[in-house]
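For reference, the structure is listed below as structure tokens.
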Amino acid sequence: MVSVDLFSDTVTRPTPAMRRAMAGADVGDEQQREDPTVNLLQDMVAELLGKEAALFLPSGTMCNQVAFAVHCRAGDEILLQEQAHPLLFEVGGASAMTGALLRPVIGAGGFFTGEQVRSATRPPVYYMPRTRAVSIEQTSNVIGGVCWPLQQIEDVCRVAHASGLVTHMDGARLLNAVVASGTTARQFAAPFDSVWIDLTKGLGAPVGAVLAGRRDFIEEAWRFKQRFGGAMRQAGIIAAAGVYALRHHIDRLAEDHARARKLAHGLAELSGITLDPTRVETNIVVFDVRNSGLDGESFNARTLASHGVRFSVLGPTAVRAVTHLDITDDGIDRALEAAHAAVSR
Ligand SMILES: Cc1ncc(COP(=O)(O)O)c(C=O)c1O
Numbered sequence: 092m093v094s095v096d097l098f099s100d101t102v103t104r105p106t107p108a109m110r111r112a113m114a115g116a117d118v119g120d121e122q123q124r125e126d127p128t129v130n131l132l133q134d135m136v137a138e139l140l141g142k143e144a145a146l147f148l149p150s151g152t153m154c155n156q157v158a159f160a161v162h163c164r165a166g167d168e169i170l171l172q173e174q175a176h177p178l179l180f181e182v183g184g185a186s187a188m189t190g191a192l193l194r195p196v197i198g199a200g201g202f203f204t205g206e207q208v209r210s211a212t213r214p215p216v217y218y219m220p221r222t223r224a225v226s227i228e229q230t231s232n233v234i235g236g237v238c239w240p241l242q243q244i245e246d247v248c249r250v251a252h253a254s255g256l257v258t259h260m261d262g263a264r265l266l267n268a269v270v271a272s273g274t275t276a277r278q279f280a281a282p283f284d285s286v287w288i289d290l291t292k293g294l295g296a297p298v299g300a301v302l303a304g305r306r307d308f309i310e311e312a313w314r315f316k317q318r319f320g321g322a323m324r325q326a327g328i329i330a331a332a333g334v335y336a337l338r339h340h341i342d343r344l345a346e347d348h349a350r351a352r353k354l355a356h357g358l359a360e361l362s363g364i365t366l367d368p369t370r371v372e373t374n375i376v377v378f379d380v381r382n383s384g385l386d387g388e389s390f391n392a393r394t395l396a397s398h399g400v401r402f403s404v405l406g407p408t409a410v411r412a413v414t415h416l417d418i419t420d421d422g423i424d425r426a427l428e429a430a431h432a433a434v435s436r
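Note that the sequence shown ends on residue 436 in the working numbering; no numbers are left out.
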């Protein structure tokens, strides 16, 4: 049985107070734009991100796919980091649904530069794909929850706009970056034509994500929400969890970050485990178990069997731990005991 679940921050269960907010939500027909709680959530996110309008969608994946569909035509190219979510985990959605090509840009530590965007942007000749968009993931998930610095974002977006590209932020964990860096959500969002936040990661809501941008962008996004089957009915029941999370669960992300740092420092002391704890900026800890003689799967199987501690396995010997609302200080201690036992056997 899993007792400490570090698999992802998506495993959280709604708190009793969040459930009460959901049960008491005012609702209406969301597809007709008549759900007052969905409308409130959209207004709150537009305000938070400093954008004209926002759109509630069932998932972050749909936010990426709807944004790509609005921005691109078939044959267009989107630049993004080589381990970005749409490249790894969206089943080729950009090509399947929009016909867009995803082109990885390999940058130091997971970040690319404005100069790299300039050189990756194809000349406007009729026999090449049109480079149309650049997408940035804040924080970068598989890289280890690291935050794009604001200056680098501004550099990338300035060059992108000067080259005629549109800019998109996958902000699944943008609020983790906000809490970790002290940079506001508006500052991070300002250079982007489209940006979204997930409600189901650190914020701890059960369903949904919110995409924001200019009013005309969001009007067009509504068309794809409908086309992809993302328009809902009495969705205020789930939007209420998002409203609650935005009011009560942002500042507490600092606790997740502190626990991730504690975990990282503890893991770094174990022989057989390799990681640089100074790279842990938010709630994600990626480490390598190669020197323990174990692969990632057997490390995870051992911690699960002995202590009920679940990690996620990213590669042959790469393992990830994610802290969240349901992880306590005791959970971190138990995870460290489990890791110690696994590599000592
Ligand atoms: C960086 C990033 N983008 C997008 C997504 C997709 O979000 P969702 O699970 O809400 O579809 C995830 C989910 O893990 C993610 O980590």
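We treat Cβ as the ideally placed atom computed from N, Cα and C, and that holds for glycine.
{"Asked": "Proximity below 8 Å, CB of T365 to CB of D386", "Found": "no"}
{"Asked": "Three-state class that DSSP yields for G399 in the structure shown", "Found": "coil"}
{"Asked": "Cβ distance (whole Å) where R437 is taken to contact V257 below 8 Å", "Found": "Absent from the structure is residue 437, since the part of the chain shown begins at 92 and ends at 436."}
{"Asked": "Alpha-carbon to alpha-carbon, S435 and V286", "Found": "45 Å"}
{"Asked": "Those residues which DSSP pairs with G262 across a bridge", "Found": "I288"}
{"Asked": "Start-to-end residues for the beta strand (DSSP E) that takes in P407", "Found": "Careful: P407 lies outside any beta strand (DSSP E) and carries neither H nor E."}
{"Asked": "Closest Cα partner of M135 within the set Y335, D424, R370 and D342", "Found": "Y335"}
{"Asked": "C-beta contact flag for V95 and G295 at 8 Å", "Found": "no"}
{"Asked": "C-alpha gap between L361 and A412, whole angstroms", "Found": "15 Å"}
{"Asked": "Cβ-Cβ separation, T204 to Q243 (assumed contact under 8 Å), whole Å", "Found": "7 Å"}
{"Asked": "Extent of the continuous alpha helix (DSSP H) run through I329", "Found": "G327 to H339"}
{"Asked": "Buried/exposed call for P177, threshold 16 Cβ in 10 Å", "Found": "buried"}
{"Asked": "Contact test: A263 Cβ vs ligand 1 heavy atom, cutoff 7 Å", "Found": "yes"}
{"Asked": "E428 Cβ short of 7 Å to ligand 1 heavy atom set", "Found": "no"}
{"Asked": "Nearest neighbour of V250, chosen from S272, A211 and Q229 [CA to CA]", "Found": "A211"}
{"Asked": "heavy atom of ligand 1 below 7 Å from G80 C-beta", "Found": "Since the first residue shown for the chain is 92 and the last is 436, residue 80 is missing from the structure and cannot be characterised."}
{"Asked": "Alpha carbon of A280 to alpha carbon of G363, nearest angstrom", "Found": "40 Å"}
{"Asked": "S226 in three-state terms, based on DSSP", "Found": "strand"}
{"Asked": "Within the stretch 169–222, ranges of the alpha helix (DSSP H) (whole runs, at least 4 residues)", "Found": "176–179 and 205–211"}
{"Asked": "T103: CB within 7 Å of a non-hydrogen atom of ligand 3", "Found": "In the structure on display, ligand 3 does not appear, and the ligands it does have are ligand 1."}
{"Asked": "T414, DSSP secondary structure in three states", "Found": "coil"}
{"Asked": "Interface flag, V413 vs chain D, CB-CB below 8 Å", "Found": "Chain labels in this structure do not include chain D; a single protein chain is all it has."}
{"Asked": "Residue ranges of each beta strand (DSSP E) within the stretch 115–157, 3 or longer", "Found": "144–148"}
{"Asked": "Cut-off 7 Å between Cβ atoms - residues of its own chain near R54, not counting five sequence neighbours on either side", "Found": "Residue 54 lies beyond the residue range present for the chain, which begins at 92 and ends at 436; the question has no answer from this structure."}
{"Asked": "Complete runs of the alpha helix (DSSP H) confined to the stretch 344–384 [at least 4 residues]", "Found": "344–359"}
{"Asked": "Close Cβ partners of D261 (< 8 Å) along its chain, the five nearest in sequence each way excluded", "Found": "G151, C154, N155, A175, H176, P177, S226, I227, E228, Q229 and W287"}
{"Asked": "G237 - partner residues in DSSP beta bridges", "Found": "For clarity, residue 237 is Val in the given sequence; the question names Gly instead. Paired residue(s): S231."}
{"Asked": "Any non-hydrogen atom of ligand 1 closer than 7 Å to G198 Cβ", "Found": "no"}
{"Asked": "Backbone CA spacing between G235 and P215 [nearest angstrom]", "Found": "36 Å"}
{"Asked": "Cβ-heavy atom distance, T128 to ligand 1, below 7 Å", "Found": "no"}
{"Asked": "C-beta contact flag for F308 and D289 at 8 Å", "Found": "no"}
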